[in-house]
Amino acid sequence: METKEELDIIAHTRSEIQARREDTGRSLFLIWGYPTAICFLAEFAVLMLWGKDITAWLWIVIPLIGMPLMMIHKRRDYERTGRRTLNESYALQLWMFLGAASAVSGFTLGITDIYSQCYCTIQGLIIATGCFVTGELSRHRPMKLCSIVGAIITFACPFLQGDRWPWQLVVAACVTIIALIIPGHMLLRKNKHEKQEDSNTIPLWPDQWPAA
Amino acid sequence: MKNRKTVIPFRFGPINGLLHNELRLKVMVALDSLESANFMYLCEITEATRGNLSIQLATLRDAGYIEVSKSGSGPTSRSCCRITRKGEDALHEYEKNLRLLFEQEVPEQINEYRKIG
Chain A
114 METKEELDII AHTRSEIQAR REDTGRSLFL IWGYPTAICF LAEFAVLMLW GKDITAWLWI
174 VIPLIGMPLM MIHKRRDYER TGRRTLNESY ALQLWMFLGA ASAVSGFTLG ITDIYSQCYC
234 TIQGLIIATG CFVTGELSRH RPMKLCSIVG AIITFACPFL QGDRWPWQLV VAACVTIIAL
294 IIPGHMLLRK NKHEKQEDSN TIPLWPDQWP AA
Chain B
-11 MKNRKTVIPF RFGPINGLLH NELRLKVMVA LDSLESANFM YLCEITEATR GNLSIQLATL
49 RDAGYIEVSK SGSGPTSRSC CRITRKGEDA LHEYEKNLRL LFEQEVPEQI NEYRKIG
């Protein structure tokens, strides 16, 4: 092989892998987004209807649903694509860490009985942080914008104290929708659009052209 | 004062013979861009036959450039490959040397470098 030929092989292989890349976090966002939003809204509904503070432990449902779903999805995804990119691995580790931080904070605040004061603020900021870092890894600007909007909305929580605290749950659900569910669907749509574009592209070499 | 003609900006080590093979180079570049990849994915990306790929993977594994882990047994077993730190260093060194060598092969660029030097 000549030097130029080898450099071409390196560049071609890298671009081929880049072209097959799917956006990081799409599945993670939807898997965690829907259970979290539903959980916050269910807790709000129970509190408004029956006023039971035991719902402060309802967050346990989120990891119980999200964690097995994520593991199953990642395994299937790896079997389907046959590879795991570095960004996917970083995003997975990030969300696992944030999930653990979220669970520890929920547990601690539940025990110390200050759940109603700051739980939703902490959750909102954790979600917004995760979304921002994943957006940075995916180089997806709308996702980063969503995370910033989510973080700003989170700061409404400290103003909702006392009897109005259940409304913090609605704010946290809104943050989840803005910073998790909407970016998840945006990535899903972007991937579908890119795949469609790829299938419409005419190959460079005549021997790869479809038969007339 | 330095003689300009003696200033040679092209210093490279010996070319790594193990990576001086199209298929092995493709595998190493692919694994360098990914965290891990299975055998079928590498087959697809390198457009190699299974037998040939399997031999080259064994060569790279024996050199300590990649790690191959197998899960399952029989026809459903899967091989998962990932690049090692030694492999990463070897590939980056090889690519750097190739670039220096390529620049040396192009006379116009040599003249450009001499002008700068």
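Protein chains in written order, with the working numbering: chain A, 114 to 325; chain B, -11 to 105. No residue lacks a Cβ here, since even glycine has one placed at the ideal position from N, Cα and C. Values in this document were obtained by computation on a predicted structure and should not be read as measured data.
- Neighbours of LYS117/A in chain B, taken as residues at a C-beta separation under 7 Å, are given in chain order as PHE90.
- Look at the beta carbons and you see the segment 70 to 82 of chain B touching the segment 36 to 56 of chain B: at least three pairs across the two are nearer than 8 Å.
- With a beta-carbon spacing of about 5 Å, ILE239/A and LEU211/A fall inside the 8 Å limit used to define contacts.
- Judged by DSSP in its simplified three-state form, ASN26/B adopts strand.
- Chain-ordered, the chain A residues with CB closer than 8 Å to the CB of LYS14/B read ILE122 and THR126.
- Per the C-alpha coordinates, the member of THR225/A, ARG196/A, TRP278/A and PRO181/A positioned closest to ARG133/A is ARG196/A.
- Going by DSSP, GLU249/A is part of the alpha helix (DSSP H) stretching over 228 to 251.
- Per the coordinates, the alpha-carbon of PRO279/A lies some 8 Å from the alpha-carbon of SER229/A.
- Closer than 8 Å to the CB of THR242/A there is not a single CB belonging to chain B.
- For CYS69/B, the enclosing beta strand (DSSP E) starts and ends at 66 to 71.
- Excluding the 5 residues flanking it on each side, ARG188/A has no same chain C-beta neighbour closer than 8 Å.
- For the pair THR267/A and SER21/B, the Cα-to-Cα distance works out to about 37 Å.
- Within the segment 193 to 211 of chain A, contact with chain B at the beta-carbon level (separation under 8 Å) is assigned to THR194, GLY195, ARG196, ARG197, THR198, LEU199, GLU201 and SER202.
- DSSP places ARG196/A outside any alpha helix (DSSP H); the residue lies instead in the beta strand (DSSP E), whose first and last residues are 196 to 198.
- In the structure shown, GLU201/A falls within a helical segment according to DSSP collapsed to helix, strand and coil.
- For ARG87/B, the C-beta contacts it makes with chain A under 8 Å involve LEU120, in order along the chain.
- GLU81/B does not reach chain A, its nearest Cβ partner there being about 13 Å away, counting only Cβ pairs nearer than 8 Å.
- Using beta-carbon distances, VAL17/B counts as an interface residue toward chain A, with a partner under 8 Å.
- Contact between the segment 150 to 164 of chain A and the segment 277 to 295 of chain A is present, with at least three C-beta pairs closer than 8 Å.
- GLU35/B carries a coil assignment under DSSP once its states are collapsed to helix, strand and coil.
- The CB of TYR29/B comes closer than 8 Å to the CB of THR194, GLY195 and ARG196 in chain A, given here in chain order.
- Under the three-state reduction of DSSP output, GLU55/B falls in the strand class.
- Taking each of ALA124/A, SER128/A and LEU141/A in turn and checking the Cα distance to ILE295/A, the smallest one comes out for LEU141/A.
- With fewer than 16 other Cβ atoms inside 10 Å of its own Cβ, ILE265/A counts as exposed.
- By the neighbour-count criterion, in which a residue is buried when 16 or more other Cβ atoms sit within 10 angstroms of its Cβ, SER128/A is exposed.
- Contacts between LEU22/B and chain A, judged by CB atoms closer than 8 Å, involve ILE130, ARG196, ARG197, THR198 and LEU199 in chain order.
- Non-local beta-carbon contacts of GLY179/A in its own chain, meaning distances under 8 Å to residues more than five positions away in sequence, involve ILE144, TRP145, PRO148, THR149 and GLY212 in chain order.
- Listed along chain A, the residues sitting closer than 9 Å to GLU10/B by beta-carbon distance are MET114, GLU118, GLU119 and ILE122.
- Per the coordinates, the alpha-carbon of LEU199/A lies some 27 Å from the alpha-carbon of ILE290/A.
- THR126/A sits close to VAL17/B, with the two beta carbons spaced by under 8 Å.
- A straight line joining the alpha-carbon of LEU273/A with that of ILE185/A spans about 38 Å.
- Less than 8 Å separates the beta-carbon of TYR203/A from that of LEU250/A.
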